[in-house]
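Enquirer: Just so you know, the sequences run in chain order A and W. Counting from 1, one number per residue, gives the positions in the first sequence under this note's numbering. Counting from 1, one number per residue, gives the positions in the second sequence under this note's numbering.
There are 2 protein chains.
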Amino acid sequence: MERDIQIVVIEDDEIIREGYALLISRTEGYQVVNTYASFDEAAKTITNDYPDVILLDIELPGTNGIQAIPRLKKLLPHAYILILTVYESEKTIFEALASGASGYLTKNTPAAKIVESIREVKDGGGPMSVNIARMVIRSFQKNQESPLSKRETQILEQVAEGKSRSQIAKDLFIDLETVRSHIKNIYLKLDVNSRADAIKTAKENKLI
Amino acid sequence: MERDIQIVVIEDDEIIREGYALLISRTEGYQVVNTYASFDEAAKTITNDYPDVILLDIELPGTNGIQAIPRLKKLLPHAYILILTVYESEKTIFEALASGASGYLTKNTPAAKIVESIREVKDGGGPMSVNIARMVIRSFQKNQESPLSKRETQILEQVAEGKSRSQIAKDLFIDLETVRSHIKNIYLKLDVNSRADAIKTAKENKLI
DNA sequence: AAACAATCACCCTTATAGGGTGATAAATAA
DNA sequence: TTATTTATCACCCTATAAGGGTGATTGTTT
């Protein structure tokens with residue numbers, strides 16, 4: 001006999017909060033054990049709720065959702081955190097994932113999908129809404145119309161790994177001066193004059 | 001009146017290939033216009049198929065799937081490429097996404113999900129199987145038990161951006177010598193003695 | 001024929017990196 | 001409460017690396 005999945009909802013908007021609680025509790029096998037309007041409020045008693053999964057909003061009064069993630073992790077190391085928010089900015093998503101969130105869903109996600117995602121997260125995975133997956137995929141795709149040649153891109157990648165010119169020369173079996181020459185051309189094309197700026201510009205334009 | 005979604009399947013195993021073709025064609029609105037056993041074979045005539053979506057296997061004889069992606073992109077810039085494979089290695093997935101694949105599904109994906117994913121891709125998105133999403137999420141999550149302090153991590157991140165000591169000092173409003181000192185401690189903790197090695201080790205252990 | 005790509009060469013100066021050694025105040029942990 | 005870690009700064013040193021300038025050669029692609 002399996003125990004119900006214990007869920008806690010942290011979301012400041014009462015309507016949304018109770019809405020989630022209701023629709024999740026309606027599904028068999030899922031139980032919302034508590035709801036909070038902020039992390040600061042939750043922090044006091046959430047350890048007594050023993051949640052398996054925490055639904056967490058990003059836009060919270062006081063401690064925001066991103067800041068809350070590591071602190072929730074510390075309070076409840078075995079709970080999975082599912083971000084449920086309207087924000088879809090690349091930076092926010094990556095911050096949340098890097099901070100330890102197990103998944104990321106947008107608020108327009110249909111109820112059935114949310115319940116399914118909770119199950120997926122609980123089973124050790126990481127669900128992503130289609131919008132988020134889209135964004136993550138896009139973040140991996142390099143710019144196809146790079147001004148840099150293949151070789152230049154390859155060398156810039158090594159520069160971004162912190163390698164010195166001579167290290168790059170050794171690794172590519174070419175002369176030190178050739179590496180220099182490529183880097184000069186890279187600087188020209190990107191209109192920069194330092195490694196840091198080249199890396200920055202290249203990343204902004206997804207050249208590397 | 002909408003036109004059927006035109007699909008091409010490139011997959012070397014005949015059983016699997018025809019299996020996909022059959023199950024996709026059975027769905028209304030989806031039409032498999034051609035199938036190929038390899039990219040090299042497909043390259044000759046695929047432009048006459050005018051596919052909207054290409055289902056592409058990674059393990060192909062001759063030109064493999066990863067190599068095929070940029071070449072397919074060149075032949076058919078507007079076609080979406082959906083990787084459908086058994087491989088789940090992080091490197092392979094990221095290579096495929098970086099090369100321009102629009103999505104990544106594993107072969108154990110149920111038929112209905114594949115059809116749904118084709119629709120999602122066609123509508124401009126990027127579906128990911130749960131396994132893949134899981135892996136991508138994991139790849140974003142930093143190691144929680146880093147040997148580095150917060151400040152050290154922050155400085156190492158800037159080193160990885162190609163910044164010089166003095167640039168880092170300026171940006172953090174601390175002395176040049178302090179930056180040096182931190183970097184020395186980072187080297188000690190990571191047992192390295194160069195920027196490149198520190199970056200490499202840190203990335204391998206997801207410290208940055 | 002012209003443009004681009006990849007290769008190498010030698011001029012130059014300043015900044016940078018990394019090793020060694022040590023100190024101090026504050027925060028955190030044992 | 002003591003011990004350890006963290007964050008801060010200082011000065012010794014040398015070899016190397018970075019970046020600017022200028023130019024040349026050999027292919028490849030257009």
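Beta carbons are placed, not taken as given, at the ideal position from N, Cα and C, and that holds for glycine.
1. Val209/A and Ile174/A look like a contact to me (Cβ under 8 Å); what is the Cβ gap, rounded to whole Å?
2. What whole-angstrom Cβ distance do Asp4/W and Gly29/W have, given they're in contact under 8 Å?
3. Closest Cβ-Cβ distance between Lys122/W and chain A: below 8 Å?
4. Step through the CB atoms of chain A and report whether any lies within less than 8 Å of the CB of Phe39/W.
5. Exposed or buried, what is Ala216/W when buried is set at 16 or more other beta-carbons lying within 10 Å of its beta-carbon?
6. Three-state secondary structure (DSSP) at Tyr30/A?
7. Starting from Val53/A and walking both ways along the beta strand (DSSP E), at which residues does that stretch end?
8. Considering only the beta carbon of each residue, do Val121/A and Val53/A sit closer than 8 Å?
9. Start and end of the alpha helix (DSSP H) containing Gly103/A?
10. Mind checking the segment 17 to 34 of chain W against chain A and listing, in chain order, the residues whose C-beta falls within less than 8 Å of any C-beta there?
11. Of the choices Arg17/A, Ala42/A and Pro51/A, whose alpha-carbon is the least far from that of Gln31/A?
12. Give the interface partners of Gly162/W over in chain A, defined as CB-CB distance under 9 Å, in chain order.
13. Roughly how far, in whole angstroms, is the beta-carbon of Val33/W from the beta-carbon of Gln6/W, given that I think they are within contact range, below 8 Å?
14. Applying a beta-carbon distance threshold of less than 7 Å, which residues of chain A neighbour Gly65/W?
15. Could you have a look at Tyr87/A and say whether DSSP puts it in helix, strand or coil?
16. Helix, strand or coil: how does DSSP classify Tyr50/W here?
17. Distance cutoff 8 Å, beta carbons only. Does Ile137/A sit that close to anything in chain W?
18. At least one CB of chain W closer than 8 Å to the CB of Ala68/A: is that the case?
19. Whole angstroms is fine: what's the gap from Phe94/A's alpha carbon to Asn64/A's?
20. Can you grab the Cα-Cα spacing for the pair Tyr36/W / Glu11/W, in whole Å?
21. At the level of alpha carbons, what is the spacing between Ala21/A and Asn185/A?
22. What do you reckon, are the CB atoms on Ala196/A and Tyr187/A nearer than 8 Å?
23. Rounded to a whole number of angstroms, what is the C-alpha to C-alpha distance between Asp171/A and Arg119/W?
24. Taking Cβ-Cβ distances shorter than 8 Å, what residues in chain A pair up with Phe173/W?
25. Can you list the residues of chain A that Ser102/W reaches, using a CB-CB cut of under 8 Å?
26. Take Thr98/W and list the residues in its own chain whose beta-carbon comes closer than 6 Å to its own, dropping the five residues that flank it on each side.
27. Select from Asp49/A, Asn48/A, Thr45/A and Phe39/A the residue whose C-alpha is nearest the C-alpha of Ile58/A.
28. Please confirm if Gln154/W has its CB atom under 8 Å from at least one CB of chain A.
29. According to DSSP, simplified to helix, strand and coil, what is Thr201/W?
30. I need the DSSP call for Gln144/W, collapsed to helix, strand or coil.
31. Looking at Thr109/W and Glu88/W, is the spacing between their C-beta atoms short of 8 Å?
32. Nearest-angstrom Cα distance between Leu75/A and Ile46/A?
33. Out of Lys163/W, Ala111/W and Leu190/W, which has the shortest C-alpha to C-alpha gap to Leu23/W?
34. So which residues of chain A does Ala98/W contact, with C-beta pairs closer than 8 Å?
35. Whose CA, out of Tyr104/A, Phe140/A, Ser166/A and Leu72/A, lies closest to the CA of Lys91/W?
36. If we cut at 8 Å on Cβ distances, does Gln167/W have a partner in chain A?
Expert: Taking the coordinates as given:
1. No answer is possible for residue 209/A: the residues shown for chain A start at 1 and end at 208.
2. For the purposes of this step, residue 4/W is taken as residue 4 along the second sequence, with counting starting at 1. For the purposes of this step, residue 29/W is taken as residue 29 along the second sequence, with counting starting at 1. Contact holds; Cβ gap of about 6 Å.
3. Here the question's residue 122/W lines up with position 122 in the second sequence. It does not: the Cβ of Lys122/W has no partner Cβ on chain A nearer than 8 Å.
4. For the purposes of this step, residue 39/W is taken as residue 39 along the second sequence, with counting starting at 1. False, the Cβ-Cβ gap to chain A never drops below 8 Å.
5. Since the first residue shown for chain W is 1 and the last is 208, residue 216/W is missing from the structure and cannot be characterised.
6. In the first sequence, the residue the question calls residue 30/A occupies position 30. Residue state, collapsed to three classes: strand.
7. Position 53 of the first sequence, counting from 1, holds the residue named residue 53/A. Looking at the DSSP string, the run of the beta strand (DSSP E) that includes Val53/A is Val53 to Leu56.
8. In the first sequence, counting from the first residue as 1, residue 121/A sits at position 121. In the first sequence, counting from the first residue as 1, residue 53/A sits at position 53. Closer than 8 Å, so yes.
9. What you label residue 103/A is simply residue 103 of the first sequence in a count that begins at 1. No alpha helix (DSSP H) contains Gly103/A, which is instead part of the beta strand (DSSP E) from Gly103 to Thr106.
10. none
11. What you label residue 31/A is simply residue 31 of the first sequence in a count that begins at 1. The shortest C-alpha separation from Gln31/A is found at Pro51/A.
12. Counting from one through the second sequence, the residue named residue 162/W turns up at place 162. Going along chain A in sequence order, the residues near Gly162/W (Cβ under 9 Å) are Val159, Ala160, Gly162, Ser194, Arg195, Ala196, Asp197, Ala198, Ile199 and Lys200.
13. One-based indexing of the second sequence puts residue 33/W at position 33. One-based indexing of the second sequence puts residue 6/W at position 6. For a cut-off of 8 Å, the C-beta gap from Val33/W to Gln6/W is around 5 Å, short enough to register as a contact.
14. By one-based count along the second sequence, residue 65/W stands at place 65. Here the premise fails: no neighbours, minimum Cβ distance about 16 Å.
15. Taking the first sequence and counting its residues from 1, one reaches residue 87/A at position 87. In this structure, Tyr87/A counts as coil in the three-state DSSP scheme.
16. One-based indexing of the second sequence puts residue 50/W at position 50. Tyr50/W falls in the coil class under three-state DSSP.
17. Sequence index remark: in the first sequence, residue 137/A carries index 137 (1-based). Cβ-Cβ to chain W under 8 Å: yes for Ile137/A.
18. Mapped onto the first sequence, residue 68/A falls at position 68. No, no contact with chain W.
19. Locating residue 94/A in the first sequence gives position 94, where the first residue counts as 1. Locating residue 64/A in the first sequence gives position 64, where the first residue counts as 1. When rounded, the distance between both Cα atoms is 15 Å.
20. Along the second sequence, read from residue 1 onward, the residue named residue 36/W stands at position 36. Along the second sequence, read from residue 1 onward, the residue named residue 11/W stands at position 11. Cα-Cα distance, rounded: 6 Å.
21. As a working note, residue 21/A is residue 21 in the first sequence. As a working note, residue 185/A is residue 185 in the first sequence. Each residue's alpha carbon lies about 58 Å from the other.
22. By 1-based counting over the first sequence, the position of residue 196/A is 196. By 1-based counting over the first sequence, the position of residue 187/A is 187. Going by C-beta atoms, Ala196/A is not nearer than 8 Å to Tyr187/A.
23. Position 171 of the first sequence holds residue 171/A. Position 119 of the second sequence holds residue 119/W. It is roughly 44 Å from the alpha-carbon of Asp171/A to the alpha-carbon of Arg119/W.
24. Position 173 of the second sequence, counted from the first residue, corresponds to residue 173/W. Result: empty, since nearest Cβ-Cβ is about 17 Å, beyond 8 Å.
25. For the purposes of this step, residue 102/W is taken as the residue at position 102 of the second sequence. The answer, in chain order, is Ile137.
26. Position 98 of the second sequence, counted from the start, is the residue given in the question as residue 98/W. The sequence shown places Ala at residue 98/W, not Thr. Counting only Cβ-Cβ distances below 6 Å, and skipping sequence neighbours, we find nothing.
27. One-based indexing of the first sequence puts residue 58/A at position 58. With distances taken between Cα atoms, Ile58/A lies closest to Phe39/A.
28. For the purposes of this step, residue 154/W is identified with residue 154 of the second sequence, where counting begins at 1. Residue contact check for Gln154/W against chain A: no CB pair falls below 8 Å.
29. Translated into positions along the second sequence, residue 201/W becomes position 201. Helix, per DSSP.
30. Taking the second sequence and counting its residues from 1, one reaches residue 144/W at position 144. It is coil, neither helix nor strand.
31. For the purposes of this step, residue 88/W is taken as residue 88 along the second sequence, with counting starting at 1. For the purposes of this step, residue 109/W is taken as residue 109 along the second sequence, with counting starting at 1. No. Outside cutoff.
32. Position 75 of the first sequence, counted from the first residue, corresponds to residue 75/A. Position 46 of the first sequence, counted from the first residue, corresponds to residue 46/A. Approximately 8 Å, taken between the alpha carbons.
33. In the second sequence, counting from the first residue as 1, residue 23/W sits at position 23. Closest by alpha carbon: Ala111/W.
34. The count along the second sequence starts at 1 and reaches residue 98/W at position 98. The contacting residues are Phe140, Gln141 and Lys142.
35. As a first step, residue 91/W is located in the second sequence; it is residue number 91 there, counting from the start. Residue Phe140/A is the option with its Cα nearest to Lys91/W.
36. Within the second sequence, the letter at position 167 stands for residue 167/W. Chain A, which has a Cβ nearer than 8 Å to the Cβ of Gln167/W, makes this yes.
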